[in-house]
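**Q** Let me begin by handing over the structure; questions about it come next.
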Amino acid sequence: MLRRGLLKTLVLAVIVGLSGTGCGAIRNLNLYSTKEEVQLGNALDKAIRKRQEMLGDARLDSFVAVRGRRLVGHSRRRDIGYHFAVVKSEAVNAFAIPGGYCYINLGLFRKSRTEAELISVVSHEISHVVNRHGMKRLSQINLAGALTETLLGGRGTAANLAANLFTSSGMLYYSREAEREADRDGLIMMYEAGYNPMGMVEMFEMLRQGRKSEPSAWANLFSTHPVTDERIQSARTQIAQLPPKEGLMKNSPQWAGIISYLNRKYPPPEEKEE
Ligand SMILES: [Zn+2]
């Protein structure tokens, strides 16, 4: 048995070793079946829930889940079930893990100025699942000759370690190219589902702005999803190329109600002066 410290070192070594690789073929290789992915997702979800409290608010969860499933209906991947949960955390963050699990922090929900902004993040996270980005990352690690068995063993420390790989506090996250792909596919997905894709640009701009005014609350999302000029420009360019479409919405009729419910039930924490 590998002890945890050793395991961590091994993972880090593998990641460092891989970070220099520029081979698209290796980056896109997925060694795992859908069944294995779903098993891993289930185990990771349990591990994540042990360390990260979910809000457990049926109304907020269902607001996200109903829209998330509608988005999935416009995606290229409908062979698995998708799960959506609002996380009890004010950090402005969201993440997805293999097997169809998407987590949206309360803080991100609260900061979204429009439904389209919130949806842009949900679409982005779904796109990581659709493109199997997590499983491709694991495949890279496997190729480097480590850990598969431990990761898929799915118990105790191994599951925790695997959870580390995919959460905001983790050592490993998706590559820049995976982020670009999630932006592109996410933007199309929200547009197909009837949302105004400018919501993505506006979300990026808000994230960039928020980081300047409240660095601590925003640091998390920035470490995993750095918003760069390139990302904003790419989204604008992509939108300019989309065929015009009538009735794209920024907010559904339920938006105002859900936000006022959220702020009533979970009043914003006092703004801290940095
Ligand atoms: Zn991402």
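Those letters in the sequence shown? Residues 459 to 732, by our numbering.
For glycine and all other residues, C-beta sits at the position ideal for the given N, C-alpha and C.
None of these values were measured; they are calculated from a predicted model.
1. What are the boundary residues of the alpha helix (DSSP H) that Ile-717 is part of?
2. Quick check: what's the CA-CA separation for Pro-702 versus Ala-636?
3. Work out the CA separation of Glu-660 and Ser-578 for me, nearest whole Å.
4. Use the C-beta contact count for Arg-595: other C-beta atoms within 10 angstroms, 16 or more gives buried, fewer gives exposed.
5. Does any heavy atom of ligand 1 sit closer than 8 Å to the C-beta of Ala-549?
6. With a threshold of 16 other CB atoms inside 10 Å of the CB of Asp-537, please say whether the residue is buried or exposed.
7. Reducing DSSP to helix, strand and coil, say where His-541 ends up.
8. As a quick exercise: from Gln-497, Ser-692, Glu-728, pick the residue whose alpha carbon is nearest that of Pro-655.
9. If you check the beta carbons only, do Ile-555 and Gly-531 fall under 9 Å apart?
10. Using 8 Å as the cut-off, classify the Cβ of Ala-693 as near or not near the heavy atoms of ligand 1, replying yes or no.
11. Is it the case that the Cβ atoms of Asn-563 and Val-580 are separated by a distance below 9 Å?
12. Threshold first: 4 residues or longer. Then list the alpha helix (DSSP H) segments lying entirely within the region 557 to 595, N to C.
13. Once you ignore the five residues that flank Ser-477 on each side, which residues in its own chain have a CB closer than 8 Å to its CB?
14. Assuming Met-707 contacts Leu-529 (C-beta within less than 8 Å), just tell me the rounded distance between them.
15. For Val-685, is the classification buried or exposed, using 16 other Cβ atoms within 10 angstroms of its Cβ as the cut-off for buried?
16. Just to confirm, are Asp-641 and Met-658 a CB contact at a threshold of 9 Å?
17. Within the present structure, is the beta-carbon of Tyr-632 separated from the nearest heavy atom of ligand 1 by less than 8 Å?
18. By how many angstroms is the C-alpha of Gly-557 removed from the C-alpha of Val-496?
**A** With the given structure in hand:
1. 713 to 723
2. 27 Å
3. 9 Å
4. buried
5. no
6. exposed
7. strand
8. Ser-692
9. no
10. no
11. no
12. 564 to 569, 573 to 588
13. Residue confidence is low: Ser-477 scores 40 on pLDDT, short of 50, so the model does not pin down where it sits. Its coordinate-derived value is still stated next. For Ser-477, where only same-chain residues beyond five positions count, there are no Cβ hits under 8 Å.
14. Their Cβ separation, rounded to whole angstroms, is 13 Å, which puts Met-707 and Leu-529 out of contact at 8 Å.
15. buried
16. yes
17. yes
18. 4 Å
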